[in-house]
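According to our numbering, the stretch in the sequence shown is residues 568 to 850, in order.
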Amino acid sequence: MSARISADRTAASYDELVERVLDGDFGPDPRTTRIAVAFATRQSVRHDGRGGGYRNEVLSLRLAAAVGSCAVEPGALPDGAVDDCVGADVARLLTHELLPVRVAALDAYLAHVLPHGPAAGARPWPLPAGSSLVKSRARARAVTGLLDVPPGGTVLVVGVVNSLLEALRARGVRYIPCDLKGGTTEWGERVRTDAAAELARCDAVLASGMTLGNGSFEQLRRHALRHGTPLVMFAQTGSAVLPRLIGAGVSAVCAEPYPFFWLDGGPGVVHRYGGPAHPEDAR
């Protein structure tokens, strides 16, 4: 059976979650908790056998043993943003002018007070050691296994990752790829750029945590809540944030805190919240 998340550890919206953290509902006063380390990670990759590659840039903030992260478009993080976060208290960063800073700060705080694990409602799922492609495909199985799609159903994929599309294709699941970058998938499919325009055509949504950092998440959450559409999130961005929104439009989360699978060739773990349990969920 799936672990349950206590109602006092969830919120009705992202904004409510921020307010409750500021009010001290989840743990220590964020005005007295300070970020010790801030850093940005830049990565470029092209997997063997794949026709295209991609780039990532992620802002990460460390609070005690926890790291909170928010991906940004490469080159979009202003000079000085990292230095601006070091030594700052979480409450100040939760009202920072930059949305990625606010998201990373909230993620760091929640990862600190509710670390991933059974006590927080998570089921760990192991990733094997191997190449970035091996680990990407293993993560894709963990993510897509949280989807409950009716026969003949269609999934809107917001944030195109070819390994996720590959896993859906292996299941015979139809999908509509959507990403602000546009372009085409590995299989030559046109990538849409307006997720809102595609929502009505889909039976489920599979979305990246990057939607938190670019401001498009709440529209997806409200649609899912209003229409009863399953919304599954795969989250490097906001891995500790999104599980707190299960039941408020979010159906399930595959949370992947820093360090991400593409940074380390050794064995790893992601944490699944909600959705069906599976024998591969680590006990």
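Where a beta carbon is used, it is the ideal one built from N, C-alpha and C, also for glycine.
Please read all numbers here as calculations on a predicted model, not as lab measurements.
Residues of its chain near residue i, where Cβ-Cβ distance is below 8 Å and the 5 sequence neighbours each way are ignored
i: PRO641; result: ARG609, ARG622, ASN623 and GLU624
i: VAL680; result: PHE593, GLY594 and PRO595
i: LEU589; result: PRO597, ALA658 and LEU661
i: VAL725; result: CYS745, ASP746, ALA762, VAL772, LEU773, ALA774, SER775, THR778, SER783 and LEU787
i: ARG768; result: THR721, LEU723 and ILE743
Candidates the options: closest to residue i by CA position
i: ALA815; options: LEU830, THR804, ASP650 and LEU798; result: LEU798
i: GLY842; options: ARG789, LEU661 and ALA689; result: ALA689
i: GLY833; options: LEU694, SER818, ALA603 and THR796; result: LEU694
i: LEU779; options: VAL653, PRO685 and VAL585; result: VAL585
i: CYS637; options: ALA605, ARG587 and VAL670; result: VAL670
i: VAL817; options: SER580, PRO682 and VAL837; result: SER580
i: PHE801; options: MET777, LEU812, GLY795 and ASN781; result: MET777
i: LEU830; options: SER699, HIS838, ALA822 and ALA705; result: SER699
i: ALA686; options: HIS845, HIS838, GLU847 and GLU785; result: HIS838
i: PRO555; options: LEU665, ASP770 and PRO826; result: Any property of residue 555 remains undetermined from this structure, which presents the chain solely from 568 to 850.
i: GLN803; options: PHE827, ALA844 and THR796; result: PHE827
i: ARG736; options: ALA603, VAL716, ARG576 and ALA678; result: VAL716
i: GLY647; options: ALA607, TYR825 and HIS683; result: ALA607
i: ALA672; options: LEU812, GLY795, LEU626 and ILE813; result: LEU626
Exposed unless 16 or more other CB atoms sit within 10 angstroms - verdict on residue i
i: PRO667; result: buried
i: VAL820; result: buried
i: PRO645; result: exposed
i: ALA612; result: With the sequence shown as reference, residue 612 is identified as Val, and Ala is not the correct amino acid for it. That one is exposed.
i: GLY755; result: exposed
i: GLU847; result: exposed
i: ASP582; result: exposed
i: GLY835; result: buried
i: GLU664; result: exposed
i: ALA705; result: buried
i: GLY712; result: buried
i: MET568; result: Confidence at MET568 is low in this model, with a pLDDT of 35, below 50, so the placement of that residue should be treated as unreliable; the coordinate-derived value is given next. It is exposed - the Cβ of MET568 has fewer than 16 other Cβ atoms within 10 Å.
i: ALA578; result: buried
i: TYR840; result: buried
i: ALA678; result: buried
Cβ-based neighbour list, residue i, same chain, cut-off 6 Å, excluding 5 preceding and 5 following
i: SER703; result: SER730
i: ALA605; result: LEU628, VAL649, CYS652 and VAL653
i: ASP656; result: ARG598 and ARG601
i: LEU766; result: HIS790
i: ALA675; result: LEU628, LEU630, ALA633 and GLY635
i: ARG850; result: Any reading at ARG850 needs caution, since the residue's pLDDT is 47, under 50, leaving its predicted position unreliable; the model's value is listed next. Once the five neighbours on either side are set aside, ARG850 has no close Cβ partner at all.
The ligand NAD heavy atom lying under 7 Å from the CB of residue i
i: GLY832; result: This structure lacks the ligand NAD; in fact it carries no ligand of any kind.
Cβ neighbours of residue i in the same chain (closer than 7 Å, five flanking residues each side left out)
i: ARG708; result: ALA734
i: THR752; result: VAL727, ASN729, LEU732, PRO744 and VAL758
i: ALA696; result: GLY832, GLY833 and PRO834
inquiry  = Suppose only complete runs of 4+ residues qualify. What are the alpha helix (DSSP H) ranges in the region 770-812, listed by chain order?
reply    = 777-781 and 784-794
task = Please go through the region 664-734 and give each complete beta strand (DSSP E) segment of 3 or more residues, from N-terminal end onward.
result = If we require 3 residues or more, the beta strand (DSSP E) runs fully inside the region 664-734 come out as 690-694 and 721-725.
message = Check whether the region 744-763 and the region 804-818 are in contact - that is, three or more C-beta pairs closer than 8 Å.
response = no
ask   = Is the region 780-799 close to the region 735-742, with three or more CB pairs under 8 Å?
value = no
Segments assigned beta strand (DSSP E), at least 3 residues, entirely inside the region 603-656 = 604-612, 621-630 and 633-639
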